[in-house]
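One structure below.
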Amino acid sequence: MNHTGFDDLRQSNRTLLFKLGFVVVVMFGFGFALVPFYDQICKVTGLRDIDSPDRVENSQVDRSRTVRLEFDANVRKLPWTFRPLAPVVSVHPGEVTQVVYEVENTTDRPMTGQAIPSYGPQLAAEYFKKLDCFCFAKQSFGPHEKRQMPVVFVIDPRLPRDLNTISLSYTFFEVEGN
Amino acid sequence: MSSIPHDHAAGHDVGHEHAHHPSGITRWITTTNHKDIGTLYLWFSFIMFLVGGVMALAIRAELFQPGLQLVEPEFFNQLNTVHGLIMIFGAIMPAAVGFANWQVPLMIGAPDMAFARMNNWSFWLLPFAGVLLLGSFLAPGGAPSAGWSLYPPLSVQTGMGMDMTIFAVHIMGASSIMGSINIITTILNMRAPGMTMMKMPLFVWTWLITAYLLIAVMPVLAGAVTMLLTDRHFGTSFFNAAGGGDPVLFQHVFWFFGHPEVYIMILPSFGIVSTIIPAFARKPLFGYASMVYATASIAILSFMVWAHHMFTVGMAAAGQVFFMYVTLLIALPTAVKVLNWVATMWKGSMIFEAPMLFAIGFIFMFTVGGFTGLVLSLVPVDIALHDTYYVVAHFHYVLVAGSLFAFFGGIYYWLPKWCGRMYDETLGEWHFWTSFVFFNITFFPMHFLGLAGMPRRVPDYATQFTDWNMVASIGAFGFGLSQALFLYIVLKCIMFGAPAPARPWEGSDTLEWTLPSPAPYHTFETPPQVR
Chain A
18 MNHTGFDDLR
28 QSNRTLLFKL
38 GFVVVVMFGF
48 GFALVPFYDQ
58 ICKVTGLRDI
68 DSPDRVENSQ
78 VDRSRTVRLE
88 FDANVRKLPW
98 TFRPLAPVVS
108 VHPGEVTQVV
118 YEVENTTDRP
128 MTGQAIPSYG
138 PQLAAEYFKK
148 LDCFCFAKQS
158 FGPHEKRQMP
168 VVFVIDPRLP
178 RDLNTISLSY
188 TFFEVEGN
Chain B
20 MSSIPHDHAA
30 GHDVGHEHAH
40 HPSGITRWIT
50 TTNHKDIGTL
60 YLWFSFIMFL
70 VGGVMALAIR
80 AELFQPGLQL
90 VEPEFFNQLN
100 TVHGLIMIFG
110 AIMPAAVGFA
120 NWQVPLMIGA
130 PDMAFARMNN
140 WSFWLLPFAG
150 VLLLGSFLAP
160 GGAPSAGWSL
170 YPPLSVQTGM
180 GMDMTIFAVH
190 IMGASSIMGS
200 INIITTILNM
210 RAPGMTMMKM
220 PLFVWTWLIT
230 AYLLIAVMPV
240 LAGAVTMLLT
250 DRHFGTSFFN
260 AAGGGDPVLF
270 QHVFWFFGHP
280 EVYIMILPSF
290 GIVSTIIPAF
300 ARKPLFGYAS
310 MVYATASIAI
320 LSFMVWAHHM
330 FTVGMAAAGQ
340 VFFMYVTLLI
350 ALPTAVKVLN
360 WVATMWKGSM
370 IFEAPMLFAI
380 GFIFMFTVGG
390 FTGLVLSLVP
400 VDIALHDTYY
410 VVAHFHYVLV
420 AGSLFAFFGG
430 IYYWLPKWCG
440 RMYDETLGEW
450 HFWTSFVFFN
460 ITFFPMHFLG
470 LAGMPRRVPD
480 YATQFTDWNM
490 VASIGAFGFG
500 LSQALFLYIV
510 LKCIMFGAPA
520 PARPWEGSDT
530 LEWTLPSPAP
540 YHTFETPPQV
550 R
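Chain order of the listed sequences is A and B. All residue numbers for the first sequence refer to my numbering, where the first residue is 18 and numbers rise by one. All residue numbers for the second sequence refer to my numbering, where the first residue is 20 and numbers rise by one.
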């Protein structure tokens, strides 16, 4: 092979190197693009719709049984106190109920947080219909501000009969940059 | 970086250059020769195979009886995790790249890889990544214990061993990406005159497709573990539900990488088997073009099936059905390949030497693993069998009896060309039969355990699982010993083997057999003419 041949090969190898390197960069970006894409899919399909009120279709109160509700409160790396005023409540499915949580910002600066709910057992989530909740929005607290905040909900009467205890756990996390 | 290695730039006065390379350890550290680098890759992967194998034996020793005997549960989980990571990223993938380094230039008539210095770098990143990964055992909190798939929330919560693992995965990913770019460029730009794409040996085709898969998905894995890292240390909440993230998102991103990854591990083996079978059946490969198209179809479909690893996360039924059907679809191109191999052997004059035994063993047991894969692709069955030993049995049939057996076959097949000496045929056949028997003793009972409900990744189990676990553990130690025999065979071949002729297998017809054995340090500096 002569020198021109080598130079041609060197050039076309280099061109291919850059093309393939470009694919690598695009695919690295694609991995991160899956994050908003996933959120959109969840939003469109309603799979992870946790910050808007639920619709209640059946308001029949089922007085034949009571469900024990346990409320739990956590903070994640946040110097706040956060607790339910009544940690355990018994309700009939179909009954509109309100419970109150108390939050205090123990720091000397204003802070903003958001609460995320989770349910135990997981299955209970689709029967726990929240009409109003402090977790639907970000909550801002001034220095040492203390506030009581409600959750209004209905337990769907279609709740399976073998489910008689539901835990609702909130975790407050800080929303930075507010 | 230079795209033409300097030892080719001076390629005019060939013949006098051969001895002009450093000797001793410097030769191996500075080498840009594809044969040296191939050898390095293969030895590295063999050492990692032994390391991962010792971990597997520790796992099997603990599972010999119910109850906790040898290791603490935390350490057991670490062994499980690192065994998987080491075998995938340290053993199978580098071994495949080692084969590519040795064989791709020889089979297409190229003088070396396209980017020889980058090739050196691709390899020498690996030992550092391996040390980092194994070093995580010494970190506070030990090695990662979240399983090789590194699922959050556990992987976000564990100690700094996880950070070392994340960096090791980054480095190994960079190595794979550089290796793949090198392989693609070599194949597309440096084939001998006359070698059109559809005349390339099938091993070259499978590696071309594998390399494309690698550059498409290794960056996605790098992204996923980067997100884990920022979740751990920089306050992001990609996967933290409390912070508005979602741990299931990680599973989606991970398996978008993970499923193509399982084909990355098997396609080069398909290529090796497609090379060995025609040589020992002394017939051309049946359905060459359909093999190429089947490989490409498998690669394309592999991007559309990732969620079958996560049927139990609470996915919508429509999603489950979609992923189930696409998964079933992969059986078609795979069946094309298996049937072509069988048709190649049909009425062939077969000789059953070690490479052929491993290739036939591969077809037999890969098919078993493929069928259990079909069973698992069915949503209702998968929901019952998810995370049981049935899954462990399935992927060891395709990865050990699949990928690894093909590599053993490939090593016996090409050893005469690589080192110029023949291996001990009797011992090679012993290696096959002991590996074959002990493999099945180890992994076949795991189907029963899984169907009976034994979960994977547990150090202890209910007493009704005892008998089959004992059988599996005995098989595992037998399989481990068989690999010591393999090491002995290879060393004996390198040191005392009988001199090999240029073309020891009479059915072989690819370009490397036109060279003397052992292949000279520099080959095809004048490209051969392919008809």
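Where is the CB? At the ideal position from N, CA and C, for every residue including glycine. In this text the structure is predicted, and so the values were computed from the model without any measurement.
Three-state class that DSSP yields for residue i in the structure shown
i	result
Gln57 of chain A	helix
Glu17 of chain A	With chain A covering only 18 through 195, there is no way to say anything about residue 17 of chain A.
Thr249 of chain B	helix
Leu157 of chain B	helix
Tyr10 of chain A	With chain A running from 18 to 195 in the structure shown, residue 10 of chain A is simply not present.
Asn120 of chain B	helix
Ile105 of chain B	helix
Phe35 of chain A	helix
Val73 of chain B	helix
Thr182 of chain A	strand
Pro266 of chain B	helix
Tyr136 of chain A	strand
Arg440 of chain B	strand
Pro474 of chain B	strand
Arg164 of chain A	strand
Asp24 of chain A	helix
Ile172 of chain A	strand
Asp149 of chain A	strand
Thr533 of chain B	helix
Exposure of residue i, with buried meaning 16 or more beta-carbon neighbours within 10 Å
i	result
Trp551 of chain B	This structure does not reach residue 551 of chain B, given that chain B is present from 20 up to 550, and the question cannot be answered.
Pro24 of chain B	For Pro24 of chain B, the predicted structure reports a pLDDT of 42, less than 50, and the residue's modelled location is therefore unreliable. A value from the coordinates is still provided. When all chains shown are included, Pro24 of chain B counts as buried.
Ser368 of chain B	exposed
Tyr482 of chain B	Reading off the sequence shown, one finds Thr at residue 482 of chain B, where the question assumed Tyr. Exposed is the call here.
Met112 of chain B	buried
Met514 of chain B	exposed
Leu395 of chain B	buried
Lys436 of chain B	buried
Val4 of chain B	Residue 4 of chain B lies beyond the stretch modelled for chain B, which goes from 20 to 550, so this question has no answer here.
CB contact check: residue i to chain B, cutoff 9 Å
i	result
Arg93 of chain A	yes
Leu185 of chain A	no
Ser29 of chain A	yes
Ser135 of chain A	yes
Thr188 of chain A	yes
Leu86 of chain A	no
Val41 of chain A	yes
Gly46 of chain A	yes
Pro139 of chain A	Checking the sequence, you will find Gln at residue 139 of chain A rather than Pro. Chain B contact via Cβ: present.
Tyr55 of chain A	yes
Alpha-carbon to alpha-carbon, residue j and residue i
i	j	result
Arg27 of chain A	Ile190 of chain B	27 Å
Phe299 of chain B	Thr529 of chain B	13 Å
Thr62 of chain A	Asp56 of chain A	10 Å
His450 of chain B	Ser501 of chain B	6 Å
Phe108 of chain B	Leu98 of chain B	15 Å
Phe147 of chain B	Ile234 of chain B	21 Å
Phe427 of chain B	Phe377 of chain B	7 Å
Thr204 of chain B	Leu286 of chain B	19 Å
Glu525 of chain B	Ala119 of chain B	23 Å
Ile105 of chain B	Phe68 of chain B	8 Å
Asn139 of chain B	Val123 of chain B	16 Å
Leu207 of chain B	Asp479 of chain B	52 Å
Met323 of chain B	Glu121 of chain A	48 Å
C-beta neighbour in chain A for residue i, strict 9 Å
i	result
Leu268 of chain B	yes
Phe496 of chain B	no
Asn259 of chain B	yes
Leu551 of chain B	Beyond the ends of chain B as shown, which are 20 and 550, falls residue 551 of chain B; an answer cannot be given.
Thr215 of chain B	no
Phe276 of chain B	yes
Val239 of chain B	yes
Asp265 of chain B	yes
His328 of chain B	no
Ile200 of chain B	yes
Thr353 of chain B	no
Asn208 of chain B	yes
I'd like the ranges of any beta strand (DSSP E) spanning at least 3 consecutive residues and lying wholly in the stretch 37-118 of chain A. 84-93, 97-101 and 105-108, all fully within the stretch 37-118 of chain A.
Counting only runs of 4+ residues fully inside the stretch 462-516 of chain B, write out the alpha helix (DSSP H) ranges in chain order. The stretch 462-516 of chain B contains these whole alpha helix (DSSP H) runs: 485-515.
According to a CB-to-CB cut-off of less than 8 Å, which residues of the stretch 121-135 of chain B neighbour chain C? Here the protein chains are A and B, and chain C is not one of them.
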